[in-house]
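In order, the protein sequence lines correspond to chains A and B. Each residue of the first sequence is one higher than the one before, starting from 215 at the first, in this note's numbering. Each residue of the second sequence is one higher than the one before, starting from 198 at the first, in this note's numbering. Where a beta carbon is used, it is the ideal one built from N, C-alpha and C, also for glycine.
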Amino acid sequence: MPVLPEFSLAGKVAVLSTTGGDEAPFLAQYLIEAGASVFVIARTPERLEQVLNALERGPDSERSGDKSRGIAVSLADPGGVRRAMEAFDSHFSRVDILVNDARSMLARPMTEISPDEWDEVHSRNAKATFLLCQAVGSRMVEQGYGRIVNLISELAERGMINGSAFAASQAALLSLTRSMAVEWGRSNIRVNALGTGWFSTEDLPPEDQQRELLVRYTPLRRKGHPRDIGPLLVYLCSESCDYSTGQPVYVDGGLNAHP
Amino acid sequence: MLETLSMEDKVVVITGGGTGLGLAMVRAMARAGASICAAGRRQAPIDAAAAEVTALGQDALAVSTDVTDSGQVDRLMETALEKFGRIDVLINNAGAVQENVRKPLWEITDDEWNFEMNVSLTGAFYCARSASRSMAERGKGKIINVASGFGLRGGRDIYMYCCSKGGMIQLTRVLSFNLARYGITANTLVPGYIPTESADESMGNTVPRSGDLLPIGKLGKPEDVGPLAVFLASNASDYMTGEMFIADGGGLAGGIAPTGHDPVVPLEV
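Structure representation (C-alpha cells):
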C-alpha cells in the first residue's frame, strides 16, 4: 500500500494538549503511527493515564513506550503552562508540532449560564490554548519552524440551542488560528484548524446510529470516529503542509454544507 | 490508519490533467498507486502526463476532451469505464483563464462571459453529472472540484473567474448534499496563487511574481497540491463532504495585503 513520504512525521516531536474527550488516545496514536514522538498534556490525571495506557497497548507500543511522556496540569494559568514546559524539557530538546484538542463542552440555556461557567469554558478552551500557543509558538518562532493544529467544533461557524458558551469558545479558537497563522507565517509556522461535526468513539453499526434523528440528518448517515480525522491531522502536522495556513478544514459528514 | 492514504486500485479521471496543478496532482496520485485517465483539450500534454504515470508502473489513459461539450464529456467517462471498469474519483480541474482575465465591467462581451463560465463551471457540472451515474450504481465515488481563493473574495476587474470559481464551491455543496445517499462525496480544493506556465502565459503581469503580499511571504508550488489531492481522493477523506480544503499561504486568513502592517496598540485604561 503506497503511502506518500509527504505524510510522514518521522523524527518530529509533538505536544498534544487535551482538555478532555475520549478521542485523545486515538489522536496520540495517529501521531505516533506517522513517526512522531508525543508529549501529552492532559487537564486531569485520569485522562493522562488513559492516553498513556492506550499508547502502551497500541500497535506502536514498542516505539511509543519509551518515546511518549506527559503531564496532568491545568493550562488555564501561566504557572501551569510553565510546569508543562519544564516537564516537556526534561524529555525533549525541540518541539515541531503542537496539537490542541480544547473542546470542553457545556450545554445550558443562555439565561442559566453563570459567569463562573462561562469563565471555566473559555479558560479551558480558549485561554489554555492561547497560553500554550504563546509558550510553544515562541520556541517555534526562534527555531523558524512549526506546525500547530487546533481541533475545533463546527459550532465555531454555527449556533446551537444551549450552545452559546461552548460555541463562542470554538469561534475564539478559529479566530486565534487565523491571527497566529498570519503573525507567524514568515517564521515558517503553519497554523490550521481541524473542525469536526458529530463524533463518537463508539463503533456502533450505522443502522443503530440512525435511530438518532441527528444521524439521519447528517448527509453521510453516521457519526464520525476519530479515525476519520487521523490522516488529515497527520497531514496538517507534516512538513509538506506548507501552503495551507490559517484555515479550518471541516470533517463532518456533510453537516456544514447542509441548510 | 495511514494506509487509508494509499490510492492503490483507485481510478481517477482528471480534467486539465496535462499541465499545471493538474499535472502535479496526477504525479502525486500515481506515486500513491492510482490509475489515471487524464483529459485535456490538447493531446500532447495529456499524453506526456499518461506516459509519466505508466513509467511509475500505473495504468494510464489520455483522452482529448473539450469539457464545454457534454457529448465529449460523456465519451470521456465511457472511455474511462471501458478501460478501467469504474471511476472512483473525478477531479474537475479544467479551467480557463483568458488573457483578458481582468477587464472592466462595461468592456466584457457576452462571448467572453460565456466562454469562461462554460469552461470553468458548466464543464465541471457536465463532468459531475456524467461520472456520478456510474458512481451511484456502485454506491461509491468522490468528486473533487478545484476552485480558487477568488471563489471566496472579489478581485479587481475579475468577473468571470471569481463567479465561476464561487460557483464551483456551491456546486460542491449541492452535489455533496444530494449524492451522499449514493455513497458519493464532493469536496473543493481551493488553491491560492500558485504560478504555473499557463497562468503565467494568460494572466501576464496580473499575477504576483513574489509572495511579498502573502502572510507566509512566498508563493505556492504546484507540488503543494499533490498531497491535498491524494488526501481528498483517497479513503482518508471518506467522512468529509461538502467542504473546502484551502491552500493559499494565509491569503484568506489575513488578506493579501502589505504584511508590514503590524500595529501595537496598548489596552485602553
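Residues sharing a beta bridge with A:A228, DSSP: Residue pairing by DSSP places A:A228 opposite A:V252 and A:I311 in a beta bridge.
By Cβ distance below 7 Å, which residues in the same chain neighbour B:G423 in space, the five residues on each side in sequence not counted? Closer than 7 Å at the Cβ level, and outside the excluded window around B:G423, lie A221, M222, R224 and A225.
Beta-carbon of A:R425 versus every beta-carbon of chain B: anything under 8 Å? The Cβ of A:R425 sits no closer than 8 Å to any Cβ of chain B.
A:D456: buried (16+ other C-beta within 10 angstroms of its C-beta) or exposed? A:D456 is buried by the Cβ-count criterion.
With the cut-off set at 8 Å, would you say B:G451 and B:P412 are in Cβ contact? Their beta carbons are under 8 Å apart, which means B:G451 touches B:P412 by this criterion.
Can you tell which of B:I391, B:E313, B:A227 and B:D244 has its C-alpha closest to the C-alpha of B:R299? Residue B:E313 is the option with its Cα nearest to B:R299.
In the DSSP output, which residue or residues are listed as bridge partners for B:F442? Answer is B:L386, bridged to B:F442.
Enumerate in chain order the residues of its own chain whose CB-to-CB distance from A:V355 is below 8 Å, with the five nearest sequence positions on each side excluded. Closer than 8 Å at Cβ, skipping near neighbours: W398, S401 and I403.
Just checking, does the region 225-236 of chain B make contact with the region 353-372 of chain B on the three C-beta pairs under 8 Å criterion? With contact defined as three or more Cβ pairs closer than 8 Å, the region 225-236 of chain B and the region 353-372 of chain B are not in contact.
State yes or no: is the beta carbon of B:V427 nearer than 8 Å to at least one beta carbon in chain A? By the rule that beta-carbons nearer than 8 Å mark a contact, B:V427 touches chain A.
Assigned secondary structure, A:R271 (DSSP; H/G/I helix, E/B strand, else coil): Note: A:R271 maps to helix in three-state DSSP.
C-beta neighbour in chain A for B:D435, strict 8 Å: So yes, B:D435 belongs to the interface.
Looking at chain A, is there any beta carbon in it that lies within less than 8 Å of the beta carbon of B:I340? So no, B:I340 is outside the interface.
Would you kindly work out how many angstroms separate the C-alpha atoms of B:A383 and B:G320, rounded to a whole number? For B:A383 and B:G320, the gap between their C-alpha atoms comes out near 16 Å.
Going along chain A, which residues have a C-beta under 7 Å from B:D421? Against chain A, the beta carbon of B:D421 has neighbours under 7 Å at D456 and Y457, listed in chain order.
Taking A:G388 as the reference, which of A:S454, A:Y359, A:Q461 and A:C451 has the closest Cα? In the sequence as presented, Gly is not what sits at residue 388 of chain A; that position holds Leu. The residue with the shortest Cα to Cα distance from A:L388 is A:Q461.
With distance defined between alpha-carbon atoms, name the residue in A:F253, A:P259 and A:D315 nearest to A:V309. Looking at A:F253, A:P259 and A:D315, the one whose alpha-carbon comes closest to that of A:V309 is A:F253.
DSSP state of B:G339 mapped onto helix, strand, coil: For the record, residue 339 of chain B in the displayed sequence is Lys; it is not Gly. DSSP, read as helix, strand or coil, puts B:K339 in strand.
I'd like to check one pair, B:A227 with B:I243: are the Cβ atoms closer than 8 Å? No. Outside cutoff.
A:K437: which of A:L408, A:V429 and A:I443 sits nearest, CA to CA? Nearest C-alpha to A:K437: A:V429.
Can you give me the start and stop residues for the beta strand (DSSP E) that B:A293 sits inside? Taken as a continuous stretch (DSSP letters only), B:A293 belongs to no beta strand (DSSP E), as it is neither H nor E.
Using DSSP's beta-bridge definition, name the partner residues of B:S261. Bridge partners of B:S261: B:G237.
What are the start and end residues of the alpha helix (DSSP H) that includes A:A316? Neither: A:A316 is in no alpha helix (DSSP H) and is coded neither H nor E.
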